[in-house]
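Participant: Following this message is one structure expressed as structure tokens.
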């Protein structure tokens, strides 16, 4: 009686070193919040679409107000420093001024420089926070949003899952025989050449699929979920 083997999940070798592999998106992402704040922009209709846009925006009004104030203070303090340095240079030329008086003027300038440095750091931090509150994506397929517009989220909150669908991949767990000299072998997809190329070869044996090497193939086929026949031939 002839036996038939039906492979449903694992892309293991069939007879004559034939493998079955499912077309998958090239990469998968989880988008996390990089700052705390309320979500003020999020369009649920972006789900199950490939988009290039501002995907999520958090409220940054307070940060922008602080940034405007700090930049104004920085400008004023830089002008003040320039004036104080000019006056200090003149002060040093005045005869009869004690070392204490000179040191006092010097430390006033030093304190102002420290204040300016502190403002510069605060401005950079605010600019970084503002940047992190706007999440832009390019050519990403948005699988699902995990939050809603109006939600307050903390740093590290999962916001959405997404895929890179600009390319596709196949994962094959090759036997030891196929693994040998695999770089010199031709990849056949459903019996045809030049459809897929090998991108990654795991030299170590896979922990789940024992005695097999994980091979990642890149393929230009966006029929995600479709199962293809893969062979490695000399």
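In my numbering, the protein residues as written are 14 to 247. Cβ atoms here follow ideal geometry from the backbone N, Cα and C, with glycine treated the same way. Only a predicted model underlies this, so the values are computations on that prediction, with no experimental measurement involved.
Could you tell me which whole alpha helix (DSSP H) segments of length 4 or greater appear in the stretch 130 to 176?
Facilitator: Complete alpha helix (DSSP H) runs here, min 4: none at all.
Participant: Among the candidates 96, 139, 159, 39, whose CA atom is the shortest distance from the CA of residue 57?
Facilitator: Locating residue 57 in the chain shown gives position 44, where the first residue counts as 1. Checking every option, the nearest Cα to that of residue 57 belongs to 159.
Participant: Pull up the distance between the alpha-carbon of residue 235 and that of residue 202, whole angstroms please.
Facilitator: Sequence index remark: in the chain shown, residue 235 carries index 222 (1-based). Sequence index remark: in the chain shown, residue 202 carries index 189 (1-based). Going by the C-alpha atoms only, they are around 14 Å apart.
Participant: Under three-state DSSP, which class holds residue 15?
Facilitator: On the chain shown, residue 15 is found 2 positions in, with the first residue counted as 1. Unreliable positioning characterises residue 15 in this predicted model, as indicated by a pLDDT of 41, which lies under 50. The coordinate reading is nonetheless provided below. Of the three classes helix, strand and coil, the one that applies to residue 15 here is coil, per DSSP.
Participant: Quick check: what's the CA-CA separation for residue 65 versus residue 150?
Facilitator: Sequence index remark: in the chain shown, residue 65 carries index 52 (1-based). Sequence index remark: in the chain shown, residue 150 carries index 137 (1-based). In a straight line, the C-alpha of residue 65 is about 5 Å away from that of residue 150.
Participant: Could you tell me the alpha carbon to alpha carbon distance between residue 44 and residue 55, rounded to whole angstroms?
Facilitator: Your numbering for residue 44 matches position 31 in the chain shown. Your numbering for residue 55 matches position 42 in the chain shown. Their backbone Cα atoms lie some 13 Å apart in a straight line.
Participant: Please determine, among 231, 206, 90, the residue with the shortest C-alpha to C-alpha distance to residue 214.
Facilitator: Residue 214 sits at position 201 when you count from the first residue of the chain shown. Here the closest residue by C-alpha is 231.
Participant: Can you tell me whether DSSP reads residue 108 as helix, strand or coil?
Facilitator: Within the chain shown, residue 108 is the residue found at index 95, counting from 1. Coil at residue 108, not helix or strand.
Participant: Would residue 244 be called buried (16 or more neighbouring beta carbons within 10 Å of its own) or exposed?
Facilitator: Working through the chain shown from its first residue, we reach residue 244 at position 231. The residue in question, residue 244, is buried, as its Cβ has 16 or more Cβ neighbours within 10 Å.
Participant: To which residues does DSSP link residue 97 through a beta bridge?
Facilitator: Mapped onto the chain shown, residue 97 falls at position 84. According to DSSP, residue 97 bridges with nothing at all.
Participant: Hey, would you say residue 136 sits closer than 8 Å to residue 84, going by beta carbons?
Facilitator: One-based indexing of the chain shown puts residue 136 at position 123. One-based indexing of the chain shown puts residue 84 at position 71. Yes, the Cβ-Cβ distance between residue 136 and residue 84 is below 8 Å.
Participant: How many Å lie between residue 121 and residue 140 at the Cα?
Facilitator: As a first step, residue 121 must be located in the chain shown, where it is residue number 108. As a first step, residue 140 must be located in the chain shown, where it is residue number 127. For residue 121 and residue 140, the distance between alpha carbons rounds to 29 Å.
Participant: Answer with buried or exposed for residue 200, where buried requires no fewer than 16 other C-beta atoms within 10 angstroms of its C-beta.
Facilitator: For the purposes of this step, residue 200 is taken as the residue at position 187 of the chain shown. Residue 200 comes out buried.
Participant: Give the single residue among 41, 170, 110, 247 whose Cα lies nearest to the Cα of residue 197.
Facilitator: As a first step, residue 197 is located in the chain shown; it is residue number 184 there, counting from the start. Answer by Cα proximity: 247.
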